[in-house]
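**Student:** Residue numbers (the working numbering), protein chains in the order written: chain A, 4 to 118; chain B, 155 to 269. Glycine included, C-beta positions come from ideal geometry on N, C-alpha and C. The structure's right below; bear with me while I get my questions together.
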Amino acid sequence: AQSVSQHNHHVILSEAASLELGCNYSYGGTVNLFWYVQYPGQHLQLLLKYFSGDPLVKGIKGFEAEFIKSKFSFNLRKPSVQWSDTAEYFCAVKRLYNQGGKLIFGQGTELSVKP
Amino acid sequence: SAVISQKPSRDICQRGTSLTIQCQVDSQVTMMFWYRQQPGQSLTLIATANQGSEATYESGFVIDKFPISRPNLTFSTLTVSNMSPEDSSIYLCSVMKTRQNTEAFFGQGTRLTVV
Chain A
4 AQSVSQHNHH
14 VILSEAASLE
24 LGCNYSYGGT
34 VNLFWYVQYP
44 GQHLQLLLKY
54 FSGDPLVKGI
64 KGFEAEFIKS
74 KFSFNLRKPS
84 VQWSDTAEYF
94 CAVKRLYNQG
104 GKLIFGQGTE
114 LSVKP
Chain B
155 SAVISQKPSR
165 DICQRGTSLT
175 IQCQVDSQVT
185 MMFWYRQQPG
195 QSLTLIATAN
205 QGSEATYESG
215 FVIDKFPISR
225 PNLTFSTLTV
235 SNMSPEDSSI
245 YLCSVMKTRQ
255 NTEAFFGQGT
265 RLTVV
C-alpha cells in the first residue's frame, strides 16, 4: 500500500539545537515531495518542495531538505531551531503519473522547542 | 498562489444532521481535494472533487456519507451526512493549479463538532 512515513512523532529540542526530521515513502516512480508546517491554530503552510533537479532544496525560515532517491527519503533539516519553530510538520508525496495527482501525507511530527 | 475561502469556519451540529461545507477559490484550478484532520492526527484524503462528474473517493470513504459537488473550476462543496460524534474533525479543502509540479494550497478548514 502507498505510504508516507515520518520517523518521529514528537521531537523536543532546545533553542539553537539542530533539527532533522525523517520522511520515507514506499513507492517508486516520479514524485513531487513537500514539507508543510502547521503552527498552533493556523492553517497548513508550505515550507519547501522538490519537483526535479538539485536534490537539496531550500525553503523558508532556514529549512532545507534533501531528496535521496535510492533511499526514498526526503528529510527535513534546520541547523539551529528557534522557539518560533514549535509546530507540527508534515511530509507529503504526490505521484505524478497515476493516482490522480493527489497528495498523501505522513503522520506528522510535533516539534517542541524549549526557550 | 491560490486563496481559498472555506465556509463555515466552525460549527457545532447535532448527531443525525448534515452539514455542507463550501470551498471557493479565487482562480481556476485543475485539482480540488477534500481532507479530514482528526484531533491530533495527520491529514487523510477523503476524495478528489472532479468537475462535472462524480468525485473519486479514497478507501474508507463513500459518496452516501460524504457527497461532493464541483460545478466549476473554482467551487466545491463537501457534505457530511448523518453525522455522529466520530465525524468531529477539521475538514480541509485543498487545490492545485495543475496536476504536475505544483504545490497544494489549503483553506483554513472547517472545525466540526458533533454532539
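Please state the DSSP three-state secondary structure of S21 (chain A).
**Tutor:** Taking the first residue of the first sequence as position 1, residue 21 (chain A) is located at position 18. Of the three classes helix, strand and coil, the one that applies to S21 (chain A) here is coil, per DSSP.
**Student:** For Q192 (chain B), decide whether its Cβ has a neighbour in chain A, counting only Cβ atoms nearer than 7 Å.
**Tutor:** The count along the second sequence starts at 1 and reaches residue 192 (chain B) at position 38. No, Q192 (chain B) lies away from the interface with chain A (no Cβ there is under 7 Å from its Cβ).
**Student:** Check whether the stretch 110 to 118 of chain A touches the stretch 208 to 222 of chain B, taking contact to mean three or more Cβ pairs, one atom from each stretch, closer than 8 Å.
**Tutor:** No, because fewer than three Cβ pairs between the stretch 110 to 118 of chain A and the stretch 208 to 222 of chain B fall closer than 8 Å, the two stretches do not touch.
**Student:** Identify the residues that DSSP records as bridge partners of Y245 (chain B): which are they?
**Tutor:** The residue labelled residue 245 (chain B) in the question sits at position 91 within the second sequence. Y245 (chain B) is bridged to B:R190 and B:T264.
**Student:** At the level of alpha carbons, what is the spacing between T160 (chain B) and A20 (chain A)?
**Tutor:** In the second sequence, the residue the question calls residue 160 (chain B) occupies position 6. In the first sequence, the residue the question calls residue 20 (chain A) occupies position 17. Before going further, note that residue 160 (chain B) is Gln rather than Thr in the sequence given. Distance between the alpha carbons of Q160 (chain B) and A20 (chain A) is about 37 Å.
**Student:** Taking N35 (chain A) as the query, report the chain B residues whose CB atoms sit under 9 Å from its CB, ordered along the chain.
**Tutor:** For this step, residue 35 (chain A) is matched to residue 32 along the first sequence. The contacting residues are Q254, N255, T256 and E257.
**Student:** Can a CB atom of chain B be found closer than 7 Å to the CB of K64 (chain A)?
**Tutor:** Counting from one through the first sequence, the residue named residue 64 (chain A) turns up at place 61. Not closer than 7 Å to any Cβ of chain B, the Cβ of K64 (chain A) fails to qualify, so no.
**Student:** When you compare each of A:I15, A:L16, A:S17 and A:D57 to N35 (chain A) by their alpha carbons, which one comes out closest?
**Tutor:** Within the first sequence, residue 35 (chain A) is the residue found at index 32, counting from 1. Looking at the Cα atoms, A:D57 is the closest of the given residues.
**Student:** Along the chain, where does the beta strand (DSSP E) containing F77 (chain A) start, and where does it finish?
**Tutor:** One-based indexing of the first sequence puts residue 77 (chain A) at position 74. It spans S76 to K81 - the beta strand (DSSP E) in which F77 (chain A) sits, taken as one unbroken run.
**Student:** Report buried or exposed for K74 (chain A), applying the criterion of at least 16 other Cβ atoms within 10 angstroms of its Cβ.
**Tutor:** As a working note, residue 74 (chain A) is residue 71 in the first sequence. So K74 (chain A) counts as exposed.
**Student:** May I ask you to report which of helix, strand or coil DSSP gives K97 (chain A)?
**Tutor:** On the first sequence, residue 97 (chain A) is found 94 positions in, with the first residue counted as 1. Reduced to three states, the DSSP call for K97 (chain A) is strand.
**Student:** Check whether the stretch 48 to 57 of chain A and the stretch 187 to 194 of chain B are in contact - that is, three or more C-beta pairs closer than 8 Å.
**Tutor:** Because the criterion of three Cβ pairs below 8 Å is not met, the stretch 48 to 57 of chain A and the stretch 187 to 194 of chain B do not touch.
**Student:** Within the continuous beta strand (DSSP E) that includes I200 (chain B), where are the two ends?
**Tutor:** For this step, residue 200 (chain B) is matched to residue 46 along the second sequence. That run of the beta strand (DSSP E) goes L197 to A203.
**Student:** Does the beta carbon of H46 (chain A) come closer than 7 Å to any beta carbon on chain B?
**Tutor:** Against the first sequence, residue 46 (chain A) aligns to sequence position 43. Closer than 7 Å: yes.
**Student:** Judging by CA-CA distance, which residue of B:Q168, B:T198, B:S181 and B:L199 is the nearest neighbour of F229 (chain B)?
**Tutor:** Sequence index remark: in the second sequence, residue 229 (chain B) carries index 75 (1-based). Minimum Cα distance to F229 (chain B) is reached at B:S181.
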